[in-house]
Amino acid sequence: MNFSRFAVPVVCSVLAACNESPPVNGYRDLNKNNRLDVYEDVTQPIETRIDDLLSQMSVAEKAGLMFINIAIVNDDASLEYVPGSGPERLAPLPNIDNQKLNHFNVGSIPDDPAVFAMWQNNLQHYAAMNTRLGIPITIASDPRHHFSTNIYAFSSSGFSQFPETLGLAAIGDIELVERFTDIVRQEYIAVGIRLALHPQVDLATEPRWSRINGGFGENAQLSADIARAYVRGLQGESLSASSVAAMTKHFPGGGPQTEGLDPHFVFHKGQSYPGGMFDYHLQPFAAAIEAGTAAIMPYYGVPTGQTSEDVGMSFNKDIISGLLREKYAYDGVVCADWGIITDRTMSNGYLWPGRAWGVEHLSRAQRIRKALDAGIDQFGGETASDLVVELVESGELSEARIDISARRILRLKFVLGLFDDPYVDVDAVAAQVGRAEASLLGHESQMRAMTLLKNPSAASKAVLPLLPDSLNVYAEGIDAAAISPYASVASAPEDADVAILRINTPWYPFESDNLFAKAFHHGDLDFKGERKTEILNLLQTLPTIVVIYLDRPAVIPEIVESASAVIADYGASDRAVAEVLFGIAKPEGSLPFELPSSMEAVRQQNADVPGDSENPLFESGFGLAYR
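For the sequence shown, my numbering gives the first residue as 21, with consecutive numbering after it.
Here it is as structure tokens:
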């Protein structure tokens, strides 16, 4: 009975509620043949189960393992495509039926995590009942546990909210990192997410790069220590049914982007290493591999002049087979970043090329073969299993090569326990996601990460912390409700004793018809024109405390000079900011990267070298403390 197609969503809280074919001797009869197959038998060794399953799979079913596509999640947990919810190609059921997919990553999800858990259960039930072999679904997600408004921050309603990863680096507490990712693990498992498309361990050596806020700063040793703890928190000491698999990215390090422009886009394709620091960027990956990261994702960029051919990482045999597989002896899943095969037409008619940099001339099928020859196992953001079948049937690709990747991918599903029980307890989600103690730790971490950059003293009293109940405060960029428990809130600067100004690191959209590119935080790092004048006018009118969100290293020498005090955050609520400013909590952070003193210094530095700008305003590791 295909009740996942009913108009009213079906919720499978536990296995018994899902009306699967009756278990055989207590095991799930995934291929519905009324007997216990070896791959269904939890008592058998995993490699033996894989052997049995591979022997039963068609080439099309093996090829389906090799693609992860984005999936639309309906607000009512139903599975059918809802017109207007997104591109129809992202509806999960046709991709299961026609492309044999059983991996999906999710972006925006319903505000209630329990509804997402229902959707996950419904999807698992559909796969069990409507596919020949009942291979379970692996659900993946980008980070969703950070307080952020960045383009990469998916809906985090209901989940605990910590500072962004730069904030974890600013705190520098490795034990906290492992506690954080253990919370992520618990909350992901509660709703059925079993593959984390993180950590991102790219080093922030080119300060203009738009994805710095997803990593841990410019210090390779600190990033390596954090990466090791991050993977341990998600996976444990070894992968098991209680793990969330970590996919560490973006190998071999995406930080040294020329002029900071991101290789998602056709206007930039190459990574540059003028300082000869290619190996420096590998250190965090070595640590993640040592910790047992289940998967690794290469980036789009071309490692210009570093390998035998200038092609993107996922097409580059020197990078994947030579460096990752041979030098690091890595035998986990290697998954290409999203969209390297297929060109897509955006809603405004713009044709966004597949990020097949260096091999743009190849057909989609040839791109797949090139990536597989390089050593890739899986393709993100694609549904092209039919092309893999064509390559095998034409003799251009051997089934034995497909089996190598299929085995790695199946091994991960088996180790995670998905074949034995992929369902979650919907009724338990509310008690497991966003628990009070986890939310409190997230709030405390937001405050600990804040980094005090300027706090002069006068008459033996520093500007910060402010004394509650003694001031009239003008607040700009911060909710007055966060200030009002501690001070009177003035409606205009002239009525105030002090101002609190909350601002973000500047960015300037790249001129492009690509709608996605317009949202990336590219460009210069300093304030300009009217906005700069507005800020400096306030600072010169009234003693002002500046709170700046650092998703990239801001260039703010005039602001630091004119402000009464300056403090940085890496993703924090207004409440967290207010509690630090009024001394309820103390800032403990240190800068995870240097803050340059000018854009000219930024332009002159080497993209691959940490701390390379001339005469920085603040060096990496700088941070004051309250007295």
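Virtual Cβ for every residue (Gly too), placed ideally from N, Cα, C.
This structure is a prediction, so every number in the text was calculated from the model and none was measured.
Check, Outcome
"How would you label A519, buried or exposed, when you count the other beta carbons within 10 angstroms and need 16 or more for buried?", "buried"
"Could you compute how far the alpha carbon of G415 sits from the alpha carbon of D393?", "14 Å"
"I'd like to know whether the C-beta atoms of P488 and Y506 end up nearer to each other than 9 Å.", "yes"
"What is the DSSP secondary structure of I576, reduced to helix, strand or coil?", "coil"
"Do you know offhand how far Y172's Cα is from W229's?", "Confidence is the limiting factor: at Y172 the pLDDT is only 49, short of 50, which leaves the residue's position unreliable, though a coordinate-based value still follows. Spanning the two alpha carbons is a distance of roughly 14 Å."
"For the alpha helix (DSSP H) holding I340, just list the boundary residues, first then last.", "Looking at the DSSP string, I340 is not in any alpha helix (DSSP H), and its letter there is neither H nor E."
"Taking three-plus beta-carbon pairs below 8 Å as touching, is the segment 60-70 in contact with the segment 377-385?", "no"
"Alpha helix (DSSP H) containing K269: first to last residue?", "No alpha helix (DSSP H) holds K269; the beta strand (DSSP E) holding it covers 265-271."
"With DSSP as the reference, label S161 as helix, strand or coil.", "strand"
"How about K82 and I422: are their beta carbons less than 9 Å apart?", "yes"
"Quick one: what's got a C-beta closer than 6 Å to L113's C-beta in the same chain, skipping five residues either side?", "L99"
"Roughly how far, in whole angstroms, is the beta-carbon of E226 from the beta-carbon of G631, given that I think they are within contact range, below 8 Å?", "Not quite, the Cβ-Cβ distance comes to about 12 Å (not below 8 Å), so this is no contact."
"For Q241, is the classification buried or exposed, using 16 other Cβ atoms within 10 angstroms of its Cβ as the cut-off for buried?", "exposed"
"Would you mind reading off the limits of the beta strand (DSSP E) that contains A585?", "585-589"
"So, are the CB atoms of Q206 and K269 less than 9 Å apart?", "no"
"Specify whether the segment 286-298 and the segment 254-270 touch according to this definition: at least 3 beta carbon pairs, one from each stretch, less than 8 Å apart.", "no"
"Please tell me whether P607 and G641 are closer than 9 Å, where the distance is taken between their beta carbons.", "no"
"Would you be able to state if there are at least three C-beta pairs under 8 Å between the segment 495-511 and the segment 472-483?", "no"
"Between the alpha carbons of Y47 and V102, how many angstroms are there, rounded?", "35 Å"
"With respect to the alpha helix (DSSP H) encompassing F305, which residues constitute its N-terminal and C-terminal limits?", "303-310"
"Among A574, P513, A588, which has the Cα closest to the Cα of E554?", "P513"
"If you pair each beta-carbon of the segment 184-198 with each one of the segment 609-621, do three or more pairs fall below 8 Å?", "yes"
"Bridge partners of A448, per DSSP?", "DSSP lists no partner for A448."
"Does DSSP put S243 in a helix, a strand or coil?", "helix"
"How should V629 be labelled, buried or exposed, when 16 other C-beta atoms within 10 angstroms of its C-beta is the threshold for buried?", "buried"
"Would you decide whether G325 is buried or exposed? Buried here means 16 or more other CB atoms lie within 10 Å of its CB.", "exposed"
"Within 10 angstroms of the Cβ of E639, are there 16 or more other Cβ atoms? Answer buried if so, exposed if not.", "exposed"
"I'd like to know whether the C-beta atoms of D544 and I232 end up nearer to each other than 9 Å.", "no"
"Thinking C-beta only, is I92 closer than 9 Å to A111?", "yes"
"Between the C-alpha atoms of A516 and I503, what's the straight-line distance to the nearest angstrom?", "13 Å"
"Along the chain, which unbroken stretches of the alpha helix (DSSP H) at least 4 residues long are found entirely within the segment 102-146?", "112-119"
"May I have the straight-line CA-CA distance separating D222 from D282, to the nearest angstrom?", "13 Å"
"Can you tell me which of the three DSSP states G192 falls into?", "coil"
"Cutting at 7 Å between CB atoms, please list the residues of its own chain near E108, excluding the five before and the five after it.", "Y101"
"With a Cβ-Cβ cutoff of 9 Å, do D397 and I360 count as a contact?", "no"
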